[in-house]
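All remarks here apply to the structure that follows.
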Amino acid sequence: MKGFGSGSNRLEVLKGIDMEISRGEMVALMGPSGCGKSTLLNIIGGLLAGDEGSIDLDGRQYGLKGPANVVDIRREKVGWIFQDFHLLDHLNALDNVAIALEISGVPALEAEKKAEAALIRVGLEDRMDHIPDQLSGGQQQRVAIARAIAGERPILLADEPTGNLDISSGQDIIKLFKELCRGEDQISILMVTHDPDIASQADRMLLLRDGTVAASDIRTAWGLDEEDGEEE
Ligand SMILES: Nc1ncnc2c1ncn2[C@@H]1O[C@H](COP(=O)(O)OP(=O)(O)O)[C@@H](O)[C@H]1O
Ligand SMILES: [Mg+2]
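Going by my numbering, the first residue of the sequence shown is number 11, and it counts up by one from there.
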């Protein structure tokens, strides 16, 4: 459970979320704007404390602890991917990935090796020296994915990862996600998307509405959305 504000300004955003994600599973999270998708990701990612409830992730239990008390979750367990990539403009692809590892405590040389391996894994072996401006949107997102997987984290949280990409680059990202999930380290991915076509390629789709999640197929999701129109 999670709400914001107090008294008459109180807004209960998440009311009863009950969900489980398996190793190697790709789950799409859909729902109207403002329904709490990012809030849920922030709690799972250890950036925000919930008001009630708990999260089990790879042997760690948390959910109510403030960000200062889940440093290990952020450093070791969860990789983030954002709509607008969040890369450092002045660093090349290799350094963008390596610096994230160094911040989590990996020594510089080892960080560079792991960054290289991650960039190779996302198909950017020939773009390591390029800064973001010299890369296409799809390539920038792949640098961000390399950064997210370089630390061998079991789950990736992706908030509209294809929102800024054209259809074909978006498809490439989903294809890469699938490879990561099917790979031997069995990464799990929880991905927010508004795109029904993208969502339909996940193993499972969850619809967040009125503070709870329900398993859903794409048709139901869009049927419901049409009925209610835009919700803010
Ligand atoms: N830090 C905050 N303080 C107050 N209200 C917030 C805060 N973060 C999010 N909200 C509110 O919580 C609701 C859910 O937001 P969010 O999780 O960003 O939705 P979504 O990602 O599904 O669009 C919105 O009504 C938003 O205005
Ligand atoms: Mg959001």
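Positions of the beta carbon are idealized from the N, C-alpha and C atoms, including for glycine.
Here the structure is a predicted model, which means the values were calculated and not measured.
Secondary-structure assignment with DSSP links T222 through a beta bridge to G26 and R219. Distance from the C-beta of T49 to the nearest heavy atom of ligand 1 is below 7 Å. When C-beta atoms of the stretch 98–106 are compared with those of the stretch 82–90, fewer than three pairs fall below 8 Å, so the two segments do not count as touching. About 7 Å separates the Cβ atoms of R214 and E35, confirming a contact at the 8 Å cut-off. For the set F95, G15 and G69, the Cα lying nearest the Cα of D61 is the one of G15. For S198, the uninterrupted beta strand (DSSP E) segment begins and ends at S198 to V202. Taking 8 Å as the upper bound for CB-CB distance, A128 and A160 are in contact here, some 4 Å apart. 8 Å or more divides the Cβ of H96 from the Cβ of I141.
Each residue's CA atom was taken as its position, placing A59 and S43 some 21 Å apart. Contact between I54 and L167 is confirmed by a C-beta separation of about 6 Å, below the 8 Å threshold. Inclusion of T222 and G63 in the CB contact set at 8 Å is not warranted, their separation being larger than that value. K47 is not a Cβ neighbour of L57, given a cutoff of 8 Å. Counting only runs of 4 or more residues that sit fully inside the stretch 129–181, the alpha helix (DSSP H) segments are 147–159, in chain order. Here L175 really is in contact with G147; their C-beta atoms are around 5 Å apart, less than 8 Å. Relative to ligand 1, even the nearest heavy atom lies 7 Å or more away from the CB of S226. Taking each of L216, I113 and G73 in turn and checking the Cα distance to T203, the smallest one comes out for L216. I91 carries a strand assignment under DSSP once its states are collapsed to helix, strand and coil.
Between the alpha carbons of E189 and I197 lies a distance of about 9 Å.
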